[in-house]
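In this note's numbering, the protein residues as written are 9 to 308.
Even for Gly, the Cβ is constructed at its ideal location relative to N, Cα and C.
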């Protein structure tokens, strides 16, 4: 019932269940619209400035959308666009698309308590966005929509590389803010929207992924002697208790999503317990909670 690209639809359904819908509407709207930045060198600097610490093309799009809406409330929308070298028309198109996507969420019955035709979608979205400021939770939702499109980030031949399952190297497109030499030094993963083959192999719309996102939302996660294996190639080293905890949380995420799509479980004690467990897991990344173990990744 969501007339949108399936990967974006998956993000929106999960975001509505995890109460971070507002920000993910911005992610989807930015993907549906053209690049809002003016094609000049100064715009690249503005892009880098706005994306600092995000390591995600999708989160940058959501930030542009949210910051413009905030500026518009004090009639500074045009000034915001001029300051950061943005096409005001394209940014306005993004914010308009955000409202249409929110209406689709209500029409699909994914906003409990809100009725199609009686409620503006953005009103419903606001009520389903209590945790939209939890960046690592939103990052996980974005990655969940992109999976199984994932590449490993590692040092190879003295350089940072993005490597696919088959060993192929991919690069970020020129305008991406997720360039391999700018990523955190430790090994990790990036999810991407699709591959583009030109003079080389490029990933479009990349997002740095945390290990939790792959374990909780990966298409296939199984127990192996040393821990867990995701999608048949990414192995996470972990003790038995950690493996058990991750599998329980994976089950909680599936129950939560199934209930949400079926329109049940809102206010249900069991559903709220599952929701709180998932929220605490990703909030621990923000807080640096040493009590929450992180499975260590290996690729073979």
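Beta bridge counterpart(s) of residue i as assigned by DSSP
i           : result
residue 102 : Beta-bridge pairing links residue 102 to no other residue.
residue 39  : None, per the DSSP bridge assignment.
residue 108 : BP columns for residue 108 are empty, so no partner.
residue 168 : 163
residue 45  : 94
residue 64  : 215
Proximal residues to residue i (C-beta, below 8 angstroms), its chain only, five neighbours per side dropped
i           : result
residue 58  : 68, 71, 72, 75, 92
residue 24  : 113, 118, 119, 136, 268
residue 261 : 224, 225, 282, 286
residue 77  : 103
residue 87  : 79
residue 143 : 62, 67, 294
residue 179 : 170, 188, 208, 209, 210, 211
residue 108 : 129
residue 289 : 220, 224, 257, 300
residue 185 : 55, 56, 59, 62, 63, 64, 65, 68
Contacting residues, own chain, Cβ-Cβ under 7 angstroms from residue i (five flanking each side not counted)
i           : result
residue 161 : 168, 170, 188, 191, 195, 196, 197, 198
residue 263 : 282
residue 251 : 231, 235, 236
residue 42  : 98
residue 271 : 117, 120
residue 48  : 93
residue 34  : 69, 70, 73, 74, 106
Residue i Cβ short of 6 angstroms to the ligand GDP heavy atom set
i          : result
residue 57 : The ligand content of the structure shown is nil, which means the ligand GDP is not present either.
Beta strand (DSSP E) segment containing residue i, residue limits
i           : result
residue 235 : 235-238
residue 244 : 242-245
residue 119 : Where residue 119 is concerned, there is no enclosing beta strand (DSSP E), given that its DSSP letter is neither H nor E.
residue 159 : 158-164
residue 178 : 177-180
Host alpha helix (DSSP H) of residue i (start-end)
i           : result
residue 124 : Where residue 124 is concerned, there is no enclosing alpha helix (DSSP H), given that its DSSP letter is neither H nor E.
residue 248 : 248-270
residue 136 : From DSSP, residue 136 is part of no alpha helix (DSSP H); its letter is neither H nor E.
residue 20  : 14-25
residue 334 : Here the chain covers residues 9 to 308 and nothing more, so residue 334 does not appear.
Close Cβ partners of residue i (< 6 angstroms) along its chain, the five nearest in sequence each way excluded
i           : result
residue 104 : none
residue 299 : Because residue 299 carries a pLDDT of 47, less than 50, the predicted location of this residue cannot be relied on, and no value is offered for it.
residue 31  : 70, 140, 146
residue 40  : 105
residue 27  : 136, 138, 139
residue 153 : 15, 18, 19
residue 12  : none
residue 254 : 223
residue 228 : 239
residue 132 : 114, 119, 122
Interface flag, residue i vs chain B, CB-CB below 7 angstroms
i          : result
residue 63 : Any reference to chain B falls outside this structure, which holds one protein chain only.
How do the segment 209-227 and the segment 147-157 stand: do at least 3 beta-carbon pairs fall below 8 angstroms, yes or no? yes
Please specify which runs of the alpha helix (DSSP H), each continuous and at least 4 residues long, are wholly inside the segment 182-233, giving them in chain order. 219-225
Can we say the segment 14-22 touches the segment 45-65, given the rule of at least three CB pairs closer than 8 angstroms? No, the segment 14-22 does not touch the segment 45-65.
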